[in-house]
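K.L.:
Got a structure for you, questions after.
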Amino acid sequence: MKSLNLLSVKNLSISANNINILNDITFNLKKNQILGVVGESGSGKSITSLSIINLLKSKNFQRRGKVIFKGNRIDSITNKEFEKIRGCEISMIFQEPMSSLNPSMKCGYQVIETMIKHKVLNDVNETKSVLNLFEKVKLKNPEAVFNKYPHELSGGQQQRVMIAIAISCNPKILIADEPTTSLDAIVKEEIITLLKEIQKKNKMSIILVSHDLNLVSKIAHNLIVLNKGKIVEYGKGNKVFKNPQCDYTKMLLRSRPPKKTRPSRLPTIENNLKSFSLIPKKDRIEKHLKIYNQKPILKVDNLSFSYNEKLILNKVSFKLYKRETLGLVGESGSGKSTIAKSILKLINYKHGEIFYKNIDIKKYDKKIFAKNIQLIFQDPYSSLNPQKTIGKSILEPMIAHKIFKNENERVSKVFKLLEDVGLNKNDFNKYPTEFSGGQRQRIVIARALSLNPKILICDESVSALDVSVQAQVLNLLNNLREKFSFTFIFISHDLSVVKYMTDRIIVLNRGKIEEINETDKLFEDPHCAYTKKLLKANGY
Numbered sequence: 096m097k098s099l100n101l102l103s104v105k106n107l108s109i110s111a112n113n114i115n116i117l118n119d120i121t122f123n124l125k126k127n128q129i130l131g132v133v134g135e136s137g138s139g140k141s142i143t144s145l146s147i148i149n150l151l152k153s154k155n156f157q158r159r160g161k162v163i164f165k166g167n168r169i170d171s172i173t174n175k176e177f178e179k180i181r182g183c184e185i186s187m188i189f190q191e192p193m194s195s196l197n198p199s200m201k202c203g204y205q206v207i208e209t210m211i212k213h214k215v216l217n218d219v220n221e222t223k224s225v226l227n228l229f230e231k232v233k234l235k236n237p238e239a240v241f242n243k244y245p246h247e248l249s250g251g252q253q254q255r256v257m258i259a260i261a262i263s264c265n266p267k268i269l270i271a272d273e274p275t276t277s278l279d280a281i282v283k284e285e286i287i288t289l290l291k292e293i294q295k296k297n298k299m300s301i302i303l304v305s306h307d308l309n310l311v312s313k314i315a316h317n318l319i320v321l322n323k324g325k326i327v328e329y330g331k332g333n334k335v336f337k338n339p340q341c342d343y344t345k346m347l348l349r350s351r352p353p354k355k356t357r358p359s360r361l362p363t364i365e366n367n368l369k370s371f372s373l374i375p376k377k378d379r380i381e382k383h384l385k386i387y388n389q390k391p392i393l394k395v396d397n398l399s400f401s402y403n404e405k406l407i408l409n410k411v412s413f414k415l416y417k418r419e420t421l422g423l424v425g426e427s428g429s430g431k432s433t434i435a436k437s438i439l440k441l442i443n444y445k446h447g448e449i450f451y452k453n454i455d456i457k458k459y460d461k462k463i464f465a466k467n468i469q470l471i472f473q474d475p476y477s478s479l480n481p482q483k484t485i486g487k488s489i490l491e492p493m494i495a496h497k498i499f500k501n502e503n504e505r506v507s508k509v510f511k512l513l514e515d516v517g518l519n520k521n522d523f524n525k526y527p528t529e530f531s532g533g534q535r536q537r538i539v540i541a542r543a544l545s546l547n548p549k550i551l552i553c554d555e556s557v558s559a560l561d562v563s564v565q566a567q568v569l570n571l572l573n574n575l576r577e578k579f580s581f582t583f584i585f586i587s588h589d590l591s592v593v594k595y596m597t598d599r600i601i602v603l604n605r606g607k608i609e610e611i612n613e614t615d616k617l618f619e620d621p622h623c624a625y626t627k628k629l630l631k632a633n634g635y
């Protein structure tokens, strides 16, 4: 009897420099099936995907095991032979479309190039074929997209072009490696729905690699959970999510901010998955009475901003109060980061006013003002100098602003900051490459704290982190908020995180404020249609 398995991975092991990366990975992918692969960074998700399509090029990698596709072993064939399979029968969507698309080639011709290479296109119908593909992936105005370069498109449009390239040769298997990581909730929902529709229509199989458990639960028939290069759980998607057997899977699920309750802290491996008490509604009401019964620390009044004659912000007005955490949510391009940059004096807005402690921020000296409001970046790795130790990176702003009398006092302060963010003074002389993503985020937070700011702006500061690491950083921010009475502006496209962290939420859409409300009230009773759409896309 012919096997129903389209792909079989048997005892796949990968090592590099005598360090095991994958350990005896075994699973099957059936025809017309969606297989989810989840786990934290470093668990082996991407290495597994790259092994399947023979893209592990380094000579340092040693591998054993079998990869069988349509009954034939493909792990031992030559790269030239594999080129007939890769992109044609087994295709891949990579995590970051802007890095995967050719910046010097128009989008339409990038699709044509793939189709010509695999001989599924002739010169007569090439433009029509690409336009049909662009329509299939629901790109609006496909003719315009055909003649645009990748940088002229939004993140969602770039990802759709990548999907068009990936399905252009009607592959049997599509590997989607973190295909929605940098996208907002509405676009993420659209991309996942699109993949599901294409999978069903083309009767192909998908391997969906992600650390977003909520996303995988919506689409996967079967699920693999990886931890440190090993499969720790493998079964039906719904069964694994509803009744996980492995402690590691339970931890991943419990680390997510809950949708219906508000614990004081999130359970993590760090705190032994401890269950924390819920914050009583009465305590929250009392806290808000104290916060809002005072003058605002920051006031934004009729802020408007245009770029290349395009209106980015349109008469945005709101107040921020001391010890408040105010959330800014909305799709990419809604104006969230532009508001942050305006407050930080990083862009010159011409219309509207921003007041800090009742003084127009344009009247403040830029250097003095920077001490009061600091930014925690989205990508800690690119915001740290790889050639500087983390100690020097944290010292740098303190030296520039002449904080403390001498070097010894500043170094002592850095040691204290490292302890405050869960690191230690022995880390002072290490470089950014010696830390994990979560640890680097802690370093960036320590650097922001070095100037004793009054307001911290977190711009997607946990969006790229695994759920367990994300939980650690959110707990840290809550600890710091209580210890130092910080005021936060929290920008994110993950509404479960925003709901957990904030006191009030501003919903932005195309540069306008759609709705402002206390967080729980906004989730319980959204007033405008756009907010309802945003909540639905986030699973509320």
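In this note's numbering, the protein residues as written are 96 to 635.
In this text, a Cβ means the ideal position worked out from N, Cα and C, and glycines have one as well.
Give the list of continuous beta strand (DSSP E) stretches no shorter than 3 residues that lie fully inside the region 379-444.
P.N.:
393-402, 405-415, 420-424
K.L.:
Here's the rule: buried if 16 or more other CB atoms are within 10 angstroms of the residue's CB, otherwise exposed. What is residue 231?
P.N.:
buried
K.L.:
By a C-beta neighbour count over all protein chains shown, 10 Å radius and 16 as the cutoff for buried, is residue 202 buried or exposed?
P.N.:
buried
K.L.:
Keeping to the same chain, check which residues put their C-beta closer than 6 Å to that of residue 275; ignore five residues upstream and five downstream.
P.N.:
283, 286
K.L.:
Let me check understanding here. Comparing Cα to Cα, which of 159, 266, 132 lies closest to residue 107?
P.N.:
159
K.L.:
Taking 8 Å as the cut-off, decide whether the C-beta atoms of residue 196 and residue 256 are in contact.
P.N.:
yes
K.L.:
Which word fits residue 433, buried or exposed, when buried means at least 16 other C-beta atoms lie within 10 angstroms of its C-beta?
P.N.:
buried
K.L.:
Give the single residue among 408, 400, 392, 407 whose Cα lies nearest to the Cα of residue 420.
P.N.:
Of the candidates 408, 400, 392, 407, the residue whose Cα lies closest to the Cα of residue 420 is 392.
K.L.:
Which same chain residues end up closer than 8 Å to residue 278 when comparing Cβ atoms and leaving out the 5 residues on each side of it in sequence?
P.N.:
250, 251, 254, 286, 427, 588
K.L.:
Going by C-alpha distance, which of 156, 183, 148 is nearest residue 168?
P.N.:
With distances taken between Cα atoms, residue 168 lies closest to 148.
K.L.:
Answer yes or no: do residue 141 and residue 327 have a C-beta to C-beta separation smaller than 8 Å?
P.N.:
For residue 141 and residue 327, no; Cβs fall outside 8 Å.
K.L.:
From this set, 531, 613, 524, which residue's C-alpha is nearest residue 636's C-alpha?
P.N.:
Outside the displayed range of the chain (96 to 635) lies residue 636, so it cannot be described from this structure.
K.L.:
Considering only residues of the region 438-481, which uninterrupted alpha helix (DSSP H) runs meet the minimum length of 4 residues and lie entirely inside it, listed in chain order?
P.N.:
If we require 4 residues or more, the alpha helix (DSSP H) runs fully inside the region 438-481 come out as 461-467, 475-478.
K.L.:
Compute the Euclidean distance between the alpha carbons of residue 621 and residue 301, then round it to the nearest angstrom.
P.N.:
35 Å
K.L.:
Considering only residues of the same chain and omitting the five flanking positions on each side of residue 103, which have a CB-CB separation below 6 Å?
P.N.:
123, 163
K.L.:
Measure from the alpha carbon of residue 238 to the alpha carbon of each residue in 223, 246, 245, then state which is nearest.
P.N.:
223
K.L.:
Taking 8 Å as the threshold (C-beta atoms), are residue 606 and residue 409 in contact?
P.N.:
yes
K.L.:
Just checking my contact of residue 562 with residue 350 at CB under 8 Å: how many whole Å lie between their CB atoms?
P.N.:
5 Å
K.L.:
Who pairs with residue 131 in a beta bridge, going by DSSP?
P.N.:
303, 318
K.L.:
Judging by CA-CA distance, which residue of 628, 182, 502, 565 is the nearest neighbour of residue 365?
P.N.:
565
K.L.:
Would you call the region 434-447 in contact with the region 502-520, where contact means no fewer than 3 C-beta pairs closer than 8 Å?
P.N.:
Contact between the region 434-447 and the region 502-520 is absent: fewer than three C-beta pairs spanning the two stretches fall below 8 Å.
K.L.:
With DSSP as the reference, please indicate the residues paired to residue 207 in a beta bridge.
P.N.:
For residue 207, which the question treats as bridged, DSSP gives no partner whatsoever.
K.L.:
Which whole-angstrom value is the C-beta distance of residue 617 and residue 600, which I expect to be below 8 Å?
P.N.:
5 Å
K.L.:
Are the Cβ atoms of residue 440 and residue 464 separated by less than 8 Å?
P.N.:
Yes. Within cutoff.
K.L.:
At 4 residues or longer, what runs of the alpha helix (DSSP H) sit wholly inside the region 140-174?
P.N.:
140-147
K.L.:
Taking its Cβ as the centre, do 16 or more other Cβ atoms sit within 10 Å of residue 553, making it buried, or is it exposed?
P.N.:
buried
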